[in-house]
Structure formats: structure tokens, C-alpha cells
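Chains as they are written, first to last, in this note's numbering: chain G, 214 to 651; chain A, 21 to 463.
Have a look at the structure below, then the notes.
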Amino acid sequence: MRRILIALCLTIVATTARADIDIKEVTSPGGINAWVVEEPEIPFVALELRFQGGPVLDLPGKRGATNLMVGLLEEGSGDMSAQEFQAKLEELAASISFRATDDTISVSARFLTENKEDVVALLRQALVEPRFDQEALDRVRAQVISGIASDAKSPNTIASDTFSAAAYGDHPYGSAIEGTIESVGNLTQDDMRDAHRNALVRDRLYVAVVGDTTAETVGGLLDDLLGDLPQDGPPLPENITYDMAGGITVVDFDTPQSVALFGHGGMKRDDEDFFAAVIVNRVLGAGGFESRLMTEVREKRGLTYGISSFLVPRFHAEVMLGRVASSNETIAEAIEVTRSEWARMAEDGITAEELEVAKTYMTGEYPLRFDGNAEIAKIMVGMQMIGLTPEYVTNRNDFVEAVTLEDANRVAAELLQPENLHFVVVGKPVGLENTPSE
Amino acid sequence: MTRLFAALAIMMSAVAAQAEDVTTYTLDNGMEVVVIEDNRAPVVVHMLWYKVGSADEPEGVSGIAHFLEHLMFKGTNELASGEFSSVVAANGGSDNAFTSYDYTAYFQRVAADRLELMMQMESNRMNNLVLTPEEVESERGVILEERNQRTENSANALAREQFRAALFQNHRYGVPIIGWKHEMEQLDLQDAQDFYDLYYAPNNAILIVAGDVQPDEVLALAEQYYGVIPAEDQLPVRERPQEPPQRAERRITYVDARVSQPYLVRSYLAPERDPGAQTEAAALVYLAELLGGSPFTSALGQALQFDTQTAIYTNASYSASWLDDATFSFAVVPADGVTLSEAEEAMDEVISAFMEGEIDPARMESIRTQLRASEVYALDNVQGLAQRYGAALTQSLTVADVQAWPDILQSVTEEDIKAVAAKVFNRDQAVTGWVVSDQEEAR
């Protein structure tokens with residue numbers, strides 16, 4: 214067996230700050246890859262695991278299975294009940310959290326150096342030997358169902374569920390990962406075992422460890438922790454193309470402020486124009502107070518507390534979305550201003566000054582993200598999942614700097630499609646009708 | 021000038037010498053300066069805290085503290101409207117502000133070599149804000165939409181507002197930070213200007229600088245930029261209306277069709293951390309953990325979520341940091357088929373059993389260990405440390421109180437907890453609230 218230890222000394226060079234992050238790439242004796250940053254100053258370790266797939270692997274008719282399974286990982290494993298497991302974790306003053314999102318299962322752990330072995334043993338037990346007791350299944354199911362019922366009365370969740378269903382239909386992206394009251398109500402212990410077997414597999418695992426540890430010792434630790442998981446699982450779903458027509462969908466809901474979620478097709482993360490798109494999006498709606506949408510809708514007109522746009526390059530589809538909330542009486546105006554800003558940028562692009570301001574911010578802000586063991590670990594698993602190498606930490610600001618005004622404006626014209634914007638509006642909006650009408 | 025090294029006396033073997041590195045100064049005009057060194061990354065957090073919050077507002081203008089916080093991002097004699105945030109962003113930093121009952125704070129997070137620029141701008145807007153009627157008008161629309169978003173659109177937030185209004189009979193803690201809507205609609209330029217002129221002054225402010233800095237350099241900059249601003253001699257003594265003895269239990273039912281799941285909340289008035297007197301507050305931290313910290317190990321969680329399956333969610337919570345009264349709260353979400361009366365009865369049985377029974381020494385030890393460890397984890401978050409000092413110092417605590425707190429937490433005994441619980445669990449100074457979607461559920 215071979216141990217590969219590549220030490221890369223990376224320095225982020227930015228116009229306003231430099232941060233030294235020394236990322237070591239490690240392959241354990243058992244073949245598990247991980248990125249490690251040694252930060253011995255504070256005696257604790259942050260460990261971050263990501264399994265790609267997660268809820269998109271739900272089997273037909275079993276929507277919500279992966280999410281519920283993830284909720285049960287902390288609810289009893291090995292020979293420990295849920296309460297015994299948590300009591301042990303509390304004695305060790307460690308925290309472990311399990312979370313399912315659209316495409317992933319995230320596991321975040323934080324523990325004192327002196328308790329490393331004990332916590333890793335507990336985490337291994339939760340990941341490899343979950344019990345899925347009927348009692349725990351029923352108890353956590355009730356919590357999930359309560360959450361689903363609550364989502365059904367949340368304007369924001371109604372908006373995103375409506376948008377997703379219209380955009381993606383039967384694809385897993387078309388429905389909430391929590392499932393429906395009916396689908397979750399029917400899930401069994403066997404469904405939990407299937408979801409566990411399918412989702413927690415080493416082929417789709419990404420690992421980062423940051424803190425008071427060494428690259429030399431991490432390999433053994435990871436083999437103990439993850440070595441007993443199966444190697445591979447069922448295939449991921451096909452990609453799906455977003456092609457919803459522009460228009461407005463009103464969902465009637467009795468609440469004083471309307472919530473709008475809107476968007477159209479986006480750009481893939483590995484597109485060579487991605488950084489140009491990020492800059493365009495920042496100037497349009499992701500630049501906090503500085504963005505055009507905030508200036509026009511909030512600062513000048515006082516129509517909202519917040520409006521934003523964002524690029525969402527997911528594994529199986531890519532969209533560009535935005536959100537705004539405004540009183541039922543003023544949401545129509547907020548939407549009109551949004552559309553016209555969208556059109557103005559598609560047509561005229563951004564200015565040279567806006568480009569420079571966006572670049573200065575983005576390059577200056579980047580090193581400030583690496584400000585805590587858990588934050589660094591999360592950034593590193595995120596990078597691995599989208600196929601970046603550790604050198605990206607050093608090169609990323611060069612990609613930003615390389616975007617020219619021509620690039621930005623060519624991309625603005627392609628990316629921004631005001632006529633294709635579809636708005637889902639939840640509330641009692643005055644002066645808005647469904648278009649195209651059904 | 022004093023230089024204090026916080027000695028947290030953490031007793032774990034591996035974490036003996038861990039503590040934040042804190043230096044404090046007071047400028048001639050009365051402004052306090054706290055520097056927290058953390059040289060792990062070339063970043064600095066610059067925070068200016070004013071000892072004024074929504075609970076200091078005059079009657080009739082609720083929300084003015086928060087409204088002024090928004091308006092502080094408009095222009096000054098040197099900065100154009102919006103320029104403050106633009107300059108921070110152009111330097112790769114981020115900035116924001118927040119208003120609470122007891123304080124209003126402005127902060128920037130930026131590369132350490134940009135500290136001087138932050139001080140220059142922040143000190144400029146302490147005394148030189150220039151408001152225009154047009155900006156005040158449109159920003160009032162923004163805060164009303166903020167209230168819509170945070171409160172009017174949320175049944176839970178509206179319910180919380182009602183609980184606090186019922187719990188506090190005289191103190192301004194019963195008035196929402198963002199303001200009552202009908203008063204927010206009337207806020208004008210003069211209201212904001214009056215509040216600003218009176219309260220925004222160096223002798224009412226605390227500067228916290230945390231990150232990759234040298235204390236003496238921070239002091240020199242602070243003297244240059246903040247030290248030249250005259251103290252406000254009209255600054256009122258901070259004495260706010262206090263609660264009278266509360267003599268009657270209050271119960272409210274909040275009905276809102278947007279409630280998906282009925283639940284109940286009970287809040288009691290409780291002691292807060294006071295200068296030189298933090299023991300009761302420390303004991304309440306344990307009480308909340310023991311009764312409703314983790315669903316798996318707390319008394320409520322075990323009894324209601326595991327043993328009887330009466331509830332799908334239980335919680336006890338206590339936040340120790342307030343200038344005036346704190347609150348101790350319970351929340352229970354009943355399981356399907358369990359009424360609110362049954363859930364409340366079950367909750368009260370757990371509280372009674374706790375008062376009559378012994379506290380498990382193993383649970384005490386577990387909580388002590390977690391609190392000790394949380395001090396280690398806290399060192400990884402310099403902004404969190406800055407926040408800890410800023411909040412405490414605006415709420416009348418001293419640096420010494422902040423640094424004594426971890427030790428005080430470690431020394432809490434079973435007797436301390438029982439004694440403070442007996443004092444706090446008095447239904448005459450509590451509100452019990454039911455939140456339901458219709459009257460049918462209120463049973």
C-alpha cells in the first residue's frame with residue numbers, strides 16, 4: 214500500500230489581502246482522498262464530508278427517503294440508542310451534523326484534539342452502522358411531516374416549490390427533497406436501508422480536514438472512519454434542460470407582502486465564461502447595496518427590503534434566479550423595474566467602472582472567506598465537488614482579473630433574457646395576472 | 021491604559037494556555053476602545069457600538085433606533101449617499117449594522133491594512149450625517165417592507181411580538197425593535213435627527229477592533245479619528261422604565277390561518293448578567309440546558325419526545341445578555357392528536373419533577389465540559405469574540421466581567437440552579453401563549 218502526500222504551498226495573492234493556506238492532498242492507505250490544512254494554533258479539528266447525489270438518488274415513489282435517512286443517522290447506531298449516542302457526543306463536547314441538500318449529503322464534525330479518536334469512532338458508527346429503529350423512524354418522520362406542513366404555509370417555500378415543479382417536472386429537481394406528507398408517510402425501515410446503501414458511497418465522497426492535526430495521521434483516521442462504506446452506488450439521474458417560457462404565475466396566498474421568485478436558464482460552472490457571468494450577476498443583483506437592482510428597487514423607490522439575483526449552476530441543470538418581496542400593492546412595480554433593469558443590462562451591458570468595482574470587491578473579498586477551520590473545510594469540499602484543484606485558491610483571482618469589458622458585455626447579452634424571465638408570485642398581488650394565461 | 025490578558029483558566033490538559041488577547045483603552049472624550057489580537061489571518065473587524073437601542077427610544081417613535089441605523093448609510097458632509105458601503109466594497113470588504121434593544125452597532129470586515137480608512141469613515145458619520153427628506157421618505161418604505169418581510173408575513177414573528185408585549189408591562193422590551201407599524205409610518209427626518217444628535221457621541225460609544233492588528237497602533241488611530249470628537253454633554257443617564265412587581269399570570273392565544281402546527285410558549289422574566297453579579301445568570305444557562313437544551317438528553321426532550329411521545333419538538337432557552345430583565349422560555353410543539361392543554365400539562369409536570377428531584381451529576385459534568393469546549397471553539401471566530409465584548413460593554417458589563425464569565429459558568433452548583441429556578445418559575449411573572457390556526461385548535 215502506498216501513501217501519497219503532496220504538499221502544495223499556496224498563497225492567495227489579492228490586491229487587498231494575502232492569506233496563506235497550505236493545502237495538502239492526501240490519499241489514505243485505503244484509497245480515500247482528502248484535502249488537509251494543518252492549523253495547530255487552536256486545539257480542535259473541523260472535518261467536512263460531502264457525498265454527491267443525496268436526494269436525487271431517491272427511488273421512484275420514495276421521495277423524501279434520503280432526507281429522512283440522513284435525519285436518522287444521529288438517531289441510534291451500533292448498540293447505542295439515539296439518546297445514548299447524543300449523550301456520549303455531549304460528554305465529548307463535540308458536534309456532528311448531518312444534512313441533505315438537493316444534490317448532496319453533508320456531514321460536518323467539530324471536536325477537540327484530545328477527543329479525536331472517540332469522536333471519529335462515534336461518527337463511523339453513525340455512518341456505517343445506523344440502526345433505523347422503527348421507533349426513531351416514526352418519531353423523526355413526525356418531525357419531517359410537521360416541517361412539510363409548515364412549508365406549505367411559507368410564502369418563500371411555496372414560491373420555490375412552484376418554480377421547481379414548473380421548471381423540472383418529474384426530475385428530482387422538480388420536487389422538494391423532504392417529499393410529500395404521503396410519500397414520507399409510506400417510508401419503511403427497508404427504504405431507509407436502501408437510501409443509506411445508495412447514497413453513502415466512497416466513489417462520490419469528498420473530504421476536508423482542517424485544524425490541529427497532521428496530514429500524516431489523517432489517512433489512518435479516514436480509513437477507520439470511512440473504510441467500511443461501499444465503494445459505489447446506482448447512477449445519478451440524467452441532466453435536464455431548463456426551458457420554461459417567460460411569464461408570471463400567481464399563487465394566491467393570504468399574506469400582506471408578496472414574495473416573488475424569478476429566473477431563466479443559466480450557465481454551467483465549468484463554462485469558460487463563468488467568471489464573466491459572475492461579474493455580470495454581481496453588478497445586476499448580487500452586489501448588496503451596490504447592485505443595480507438594489508439601487509433601483511430599494512434605494513431609489515423603497516419598494517423592498519431586499520432584492521437579489523444569483524447564478525445556480527447545479528449538477529444536472531443551471532439557472533439564473535432572483536428573489537424580491539414587496540407589499541401586495543407594490544409588487545407589480547417591483548417586478549416591472551426588475552424586468553427593465555434586466556433588459557437594460559442585456560442591451561447595454563455594464564460600464565467599465567462597474568467592472569472594476571466588481572473585480573476589486575471580488576478579489577479583495579476572496580481571501581477573507583478563509584477565516585475559520587470549519588469555513589476552510591467547507592470551501593475545500595466544495596472545490597473538490599466541482600473538480601477544482603488546490604491551485605485554484607491561488608489562481609482564482611487571476612480568473613476574475615482576466616475578464617474584459619467585452620467579455621462581460623457579450624456574456625450579459627447572452628445570459629440575460631428578459632423575455633424569458635418567469636416570475637412565481639405568492640401573495641395577493643395587485644395588478645398581476647397569470648401569463649401566458651392558461 | 022490597561023492591558024489585560026484574559027485568563028480563562030481552562031482546565032483541560034490540551035487547552036491550558038488558550039485565551040483571547042485583549043487590550044483596553046479609554047480616550048479622553050470617554051470613548052472606550054477594545055482591541056482583540058488574532059494574527060492568524062490578515063483580516064480585521066472594525067465595530068463601533070453605540071450604547072443605545074430600541075429600548076432607549078422615546079414613546080411614540082418606536083423603530084427610530086433601527087430607522088436611524090438604516091439612514092446612517094446615507095450621506096455625510098464628506099461622503100455621498102451610499103458611498104460608505106461603496107468604499108468598503110471597493111476595498112474588498114463587507115459592512116453592515118444591526119440594532120437591538122440595548123445597542124446599535126456598525127461593522128466592517130476588511131483586509132487589516134484598510135483599518136485606517138474604516139476609522140476615518142466611521143468617525144466621520146458619528147457627527148456629520150446629512151439627511152434629506154427624499155432619502156428619509158424612500159428609506160421609510162424600505163423599513164416598512166423589512167417589517168413586512170420579517171414580521172407581517174410570519175405568523176410566528178407576529179406571535180412573538182404579542183408575547184413580549186404581554187410579558188413586559190412597563191419596560192420598552194415589550195415594544196418591537198423594528199417598531200409598531202403605525203408608528204413607523206409616521207417616523208420623519210426630525211425624529212431621526214434628534215435621536216442621532218443626542219446619542220451618537222464618543223462618550224456613548226465603544227470601539228472594538230479585532231484581528232491582525234497591534235494594540236498601540238489601533239490606539240494611535242483611534243485617538244486621531246475618534247479622539248478629536250467632542251463628548252456629548254447632554255447625554256442622558258441611561259435609566260429606562262423598569263418593570264413593576266408583576267402580580268398576575270397572563271395567557272394569550274394568537275390565531276392566524278398561516279399557522280401550520282399549533283404550539284405553546286411560556287416566557288418568564290429572569291435575571292440577566294449584571295456587573296460583578298453573574299452567578300444567577302450562569303445558573304440559568306445550566307437550567308435551560310438541563311430542561312430543554314438537547315431533545316435527546318434534556319428533561320423535556322426525554323419525557324415529551326421519547327418517553328411519552330407527547331411532543332415533536334421541545335425547547336428551553338435563556339439568553340443571559342441584557343441591560344435589564346432577561347427572559348427564560350419554553351416551547352412545545354405537541355404531537356399529532358395531543359391538545360395544547362395536554363402538552364402544557366405535560367410540560368408543567370416535567371418542570372415540577374425537576375424541582376422536586378435531584379440533578380444528575382453526570383449531566384452537570386457534561387454541560388460543564390461543553391461550556392469549556394465552547395471557549396476553545398470561540399477562539400476560531402474573531403468576529404464572534406468582538407461581538408461578545410461589544411454586547412457586554414453596551415449592557416453595562418465590564419471587560420473583567422466578560423473575562424470572569426467562563427470561570428463563573430464552571431463553578432455553578434446544583435444548589436445555584438435550584439435556587440434560581442425557584443425564583444424564576446413564578447407564573448405571576450410569566451406569559452403563556454398558544455399559537456393556533458383557528459379557535460378549534462385552542463383547547
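By construction, the Cβ of each residue, glycine as well, lies at the ideal position given by its N, Cα and C atoms.
Note that the structure is a prediction, hence the values are computed from the model and not measured.
Please decide whether residue i counts as near chain A, where near means a Cβ-Cβ distance under 8 Å.
i	result
G:Q296	yes
G:G459	no
G:S504	no
G:Q299	yes
G:V570	yes
G:Q444	no
G:A230	Confidence is the limiting factor: at G:A230 the pLDDT is only 43, short of 50, which leaves the residue's position unreliable, though a coordinate-based value still follows. Yes - at least one Cβ of chain A is within 8 Å of the one on G:A230.
G:K513	yes
G:G501	yes
Using a Cβ-Cβ cutoff of less than 8 Å, which residues in the same chain neighbour residue i once the five nearest sequence positions on both sides are dropped?
i	result
A:N97	N144, N148 and V150
A:T328	A366
G:E546	R514, L516 and S539
How many angstroms separate the CA atom of residue i from the CA atom of residue j?
i	j	result
G:V624	G:V594	28 Å
G:V464	G:N369	11 Å
A:S346	G:L270	Note that residue 346 of chain A is Ala in the sequence shown here, rather than Ser. Cα to Cα, the separation comes out at about 47 Å.
A:E181	A:M375	30 Å
A:V81	A:P256	18 Å
G:P450	G:A389	16 Å
G:A590	G:G424	9 Å
A:V63	G:I236	20 Å
G:L325	A:I249	46 Å
A:A442	A:A221	42 Å
A:A323	A:I379	15 Å
A:T317	A:L310	8 Å
G:P273	G:P385	10 Å
A:N176	A:Q206	26 Å
Going by Cα to Cα distance, which pick from the options is closest to residue i?
i	options	result
A:Q262	A:D76, A:Q298, A:R408 and A:E243	A:D76
A:A336	A:E362, A:L360 and A:D368	A:D368
G:I544	G:A626, G:S522 and G:V510	G:V510
G:G433	G:A322, G:G244 and G:E503	G:G244
A:A406	A:G247, A:D122, A:V107 and A:Y126	A:Y126
G:V332	G:M293, G:T454 and G:L438	G:L438
A:G313	A:P295, A:P291, A:Y338 and A:L289	A:Y338
A:I437	A:L307, A:N116 and A:I272	A:L307
A:R184	A:V285, A:N223, A:Q415 and A:T433	A:V285
G:D416	G:G266, G:I234 and G:L286	G:G266
A:E434	A:R408, A:S394, A:D58 and A:R388	A:R388
G:D436	G:S241, G:R352, G:E646 and G:H635	G:S241
G:Y381	G:M457, G:G440, G:M575 and G:V353	G:M457
G:E627	G:M558, G:L568, G:N586 and G:I599	G:M558
A:E362	A:V419, A:P265, A:L391 and A:T330	A:T330
A:E166	G:R582, G:V537 and G:D407	G:V537
Between residue i and chain G, is the shortest Cβ-Cβ distance under 8 Å, so that the two count as touching?
i	result
A:V63	yes
A:E292	no
A:V520	Because chain A spans 21 through 463 in this model, residue 520 of chain A falls outside it and cannot be assessed.
A:Y216	no
A:I332	yes
A:R60	yes
Going along the chain, which residues of its own chain have a beta-carbon closer than 6 Å to the beta-carbon of residue i, five neighbours each way excluded?
i	result
G:V283	F311, A313 and I318
Which same chain residues end up closer than 7 Å to residue i when comparing Cβ atoms and leaving out the 5 residues on each side of it in sequence?
i	result
A:T299	I428 and D436
Under the criterion of a Cβ to heavy atom distance below 7 Å, does residue i qualify as lining the ligand SAH?
i	result
A:T43	Ligands are entirely absent from the displayed structure, and the ligand SAH is therefore not among its contents.
### Message
Counting only Cβ-Cβ distances shorter than 9 Å, please list the residues of the region 388-400 of chain A near chain G, keeping chain order.
### Response
Near chain G, meaning a CB-to-CB distance below 9 Å, the residues of the region 388-400 of chain A are T389, Q390, L391, R392, A393, S394, V396, Y397, L399 and D400.
### Query
Mind listing which residues of the region 310-325 of chain A have their C-beta closer than 8 Å to chain G's C-betas, in chain order?
When C-beta distances to chain G are compared with 8 Å, the residues of the region 310-325 of chain A below that value are S314, F316, T317, Q322 and Q325, in chain order.
### Query
Along the region 532-546 of chain G, what residues have a CB closer than 7 Å to any CB found in chain A?
Of all residues in the region 532-546 of chain G, those with a C-beta nearer than 7 Å to a C-beta of chain A are A538, S539 and S540, reading in chain order.
### Message
Beta carbons nearer than 8 Å to chain G: which residues of the region 346-371 of chain A have them?
### Response
Answer set for the region 346-371 of chain A: V353, A355 and D356.
### Query
At a Cβ cut of 8 Å, what residues of the region 330-360 of chain G count as close to chain A, listed as they run along the chain?
When C-beta distances to chain A are compared with 8 Å, the residues of the region 330-360 of chain G below that value are R352, A355, Q356 and S359, in chain order.
### Query
Between the region 151-165 of chain A and chain G, which residues of the former have CB atoms less than 9 Å from a CB of the latter, in chain order?
For the region 151-165 of chain A, which is checked against every Cβ of chain G, the residues closer than 9 Å are E155, E157, S158, E159, R160, G161, V162, I163, L164 and E165.
#### Entry: Chain-ordered residues of the region 573-584 of chain G with a beta carbon less than 9 Å from chain A
Under the 9 Å Cβ criterion, the region 573-584 of chain G contributes T573, Y574, M575, T576, G577, E578, Y579, P580, L581, F583 and D584.
#### Entry: Selection of the region 107-133 of chain A by Cβ proximity to chain G, strictly under 8 Å
Per Cβ criterion, the list reads A109, A110, N111, G112, G113, S114, R129, V130, A131, A132 and D133.
### Message
Taking beta-carbon pairs under 7 Å, can you tell me which members of the region 300-327 of chain G lie near chain A?
### Response
Residues A300, E303, E304, A306, R323, L325, T326 and E327.
### Query
Of the residues that make up the region 584-600 of chain G, which ones have a beta carbon closer than 7 Å to any beta carbon in chain A?
Answer set for the region 584-600 of chain G: D584, G585 and N586.
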